[in-house]
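Colleague: Take this structure, written in C-alpha cells, and hold onto it; I'll ask about it next.
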Amino acid sequence: MLETLRSAGLRFGRHARIALFVVLLASVVACGEEVEGPAPPEPGPPAVYTVTDAGGRHSCGATETGAAFCWGAGESGRLGRGNEQPSLQPVRAASSRTLVQVTAGVGHTCAVDEDGVALCWGEGEDGRLGTGALQDRATPALVGGSITFAQVSAGGNHSCGVDSDGLGYCWGDGDLGQLGNGLVTDRTTPALVDDQLRFREISAGRFHSCGLTRDDAALCWGSAEFGQLGTGNTNSRLVPTIVVDGLTFIQVSAGSEHTCGVTTDNEVFCWGAGSFGRLGTGNTIDRLRPQQVSERLENLEWNQVSAGELHTCGVTVDGAAYCWGAGESGRLGTGNEFDRLEPAAVLGGLEFTRVSAGVSHTCGVTTDGAAFCWGLGEEGQLGTGTPVTRLAPTRVLSS
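Residue numbering for the sequence shown follows my numbering, beginning at 6 and increasing consecutively.
Shown next, in the form of C-alpha cells:
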C-alpha cells in the first residue's frame with residue numbers, strides 16, 4: 006500500500022510509515038495472530054549480549070563490550086538516547102562508560118559500570134532515578150550518594166541495589182514500604198535498607214522488594230496484598246522480613262504481585278497472586294507462603310527465574326526456557342496465547358543463560374550471547390525491527 010501511495014506522488018517519513026503499518030496490522034494483532042511485517046532493516050555485526058531485561062514497554066541489554074542498548078517505547082527518555090523517540094531496534098544509551106549490568110523497569114532504566122557507579126534514566130517521578138531530583142532524564146544520570154554498587158534493579162516506581170559490601174539501598178516511591186527503611190516516604194537518593202543485613206542481590210518489583218542475603222535467606226518488604234512477601238499473611242512490611250518455611254535460595258525475583266525464587270536445591274518456589282497461573286502451581290490460587298512450582302515435569306533442575314507482571318519464566322541448569330501464567334500476546338513463547346498453569350517449554354530449542362519476564366513480553370540471552378524477545382511487540386519492545394507481536398522467540402536486531 007505504501008508503494009501505491011508513493012506512486013501517487015506522496016512521501017512519508019519514518020514515523021508516518023510505522024503509524025500506517027500499525028493501523029494495517031491492528032485487526033490481525035488484536036486477534037492474537039502472529040503476522041509478518043515488512044522486511045526489517047539490514048542488521049550490522051551481531052552484538053554479543055551478557056544480559057537483557059524486559060521492562061514495561063521497553064527492553065534493554067548490556068553487551069560484552071560494555072555498551073547498553075535499549076529498544077521500544079521512548080517516553081521520558083527511558084531508552085537513554087537523549088530524546089523520547091521510540092525505536093524498533095536497539096539504540097545505544099548515551100554513555101561512554103563501560104556498563105556491565107542494565108535493568109529495565111516500568112518507565113525507567115538503571116545500569117552499573119565497571120567501577121560500580123550506578124546510573125539511571127527515564128521517568129523521574131517519586132525519585133526513582135536516585136539523582137536527588139524528580140526530573141525525567143533522557144540520558145544516563147549518576148545516582149547520588151557516591152555508593153559503589155555491585156548490582157541494581159529497576160522496578161515499578163522505585164529502584165534498589167546492593168553495594169560492594171553487601172549493604173542494600175532503595176530509592177523512589179516509598180508509600181507502601183517498598184524501600185525497606187522503616188518509613189513510607191519517597192527518597193530521591195539511595196536510602197540504606199538495614200545496616201545489619203548483607204545482601205547478594207535485591208529485586209525491585211512493582212510495589213514490593215525482595216532480597217537474597219549472603220547466607221541464602223530470602224527477605225521481602227513492601228505491599229503484601231496478595232501474599233507476595235511470603236510471610237504467611239497479607240500484612241505489609243516496612244522493613245525486610247524473612248520469607249517463611251526456612252527455604253534457602255540462590256536467586257529471588259519480585260514481580261508485580263508475586264515473587265519467585267530458585268532454592269539451593271535448584272527448585273522453583275513462588276508466592277503471592279496466583280491469577281492466570283503465574284505461580285506455576287497448577288491452579289490460580291493466591292499463596293501466602295512459598296509453593297513449589299509443579300513437579301509434573303520431572304527431573305527439571307532450575308538455574309534462574311524471573312517474575313513479571315502476569316507471567317513467570319525460568320531457565321533450567323541445561324539452558325532450557327519455560328514460562329507460565331498469562332499467555333496473552335504470546336508472552337510465554339509457546340506459539341499460542343493460552344494461559345499456562347504450569348511451566349510450558351518455550352519454542353525454538355534455544356539454550357539460554359537467563360530470561361526476563363516483563364509486563365507483556367519476555368527477553369532472554371542464549372549461551373552464545375544472542376538476544377531474543379517474544380510477546381507484545383507493538384511499540385518495538387521486542388527489538389525485531391517491526392511493531393509485530395511474536396508468539397515464539399525472535400532474535401533482536403543488531404544496532
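Backbone N, C-alpha and C fix where the C-beta goes; we use that ideal spot for every residue, glycine too.
1) Would you mind reading off the limits of the beta strand (DSSP E) that contains Val-244?
2) Can you check whether the CB of Gly-338 is closer than 9 Å to the CB of Trp-307?
3) Where Leu-284 and Phe-212 are concerned, what is the direct C-alpha to C-alpha distance, given to the nearest angstrom?
4) Looking at C-alpha atoms only, which residue of Asp-58, Gly-61 and Trp-76 is the closest neighbour of Pro-392?
5) DSSP three-state label for Glu-333, please.
6) Quick one: complete beta strand (DSSP E) runs, 3+ long, within the stretch 95-165?
7) Round the Cβ separation of Pro-145 and Leu-124 to the nearest angstrom and send it over; I've been treating them as touching at under 8 Å.
8) Does the count of Cβ pairs from the stretch 88-102 and the stretch 347-355 closer than 8 Å reach three?
9) What's the C-alpha gap between Leu-104 and Thr-114?
10) Exposed or buried, Gln-183, counting other C-beta atoms within 10 Å across all chains shown (16 or more means buried)?
11) Do you know how far the Cα of Leu-305 is from the Cα of Val-298?
12) Whole angstroms is fine: what's the gap from Gly-260's alpha carbon to Gly-232's?
13) Excluding the five sequence neighbours on either side, which residues of its own chain have a C-beta within less than 7 Å of the C-beta of Leu-202, listed in chain order?
14) Starting from the C-beta of His-263, find all residues in its chain whose C-beta is less than 8 Å away, skip the five residues before and the five after it, and write them out in chain order.
15) Are the beta-carbon atoms of Gly-185 and Cys-175 separated by less than 9 Å?
16) Quick check: Tyr-54 and Gly-374, are their CB atoms within less than 9 Å of each other?
Modeller: Straight from the coordinates:
1) 242-247
2) No. Outside cutoff.
3) 18 Å
4) Trp-76
5) helix
6) Within the stretch 95-165, the complete beta strand (DSSP E) runs of at least 3 residues are 104-109, 113-118, 123-127, 142-147 and 154-159.
7) 4 Å
8) no
9) Distance between the alpha carbons of Leu-104 and Thr-114 is about 13 Å.
10) With 16 or more other CB atoms across the displayed protein chains lying within 10 angstroms of its CB, Gln-183 is buried.
11) 11 Å
12) Computed Cα separation, rounded: 12 Å.
13) Gly-173, Thr-218 and Pro-245
14) Phe-231, Gln-233, Cys-275, Trp-276, Gly-277, Ala-278, Gly-279, Arg-283, Leu-284, Ala-312 and Thr-317
15) yes
16) yes
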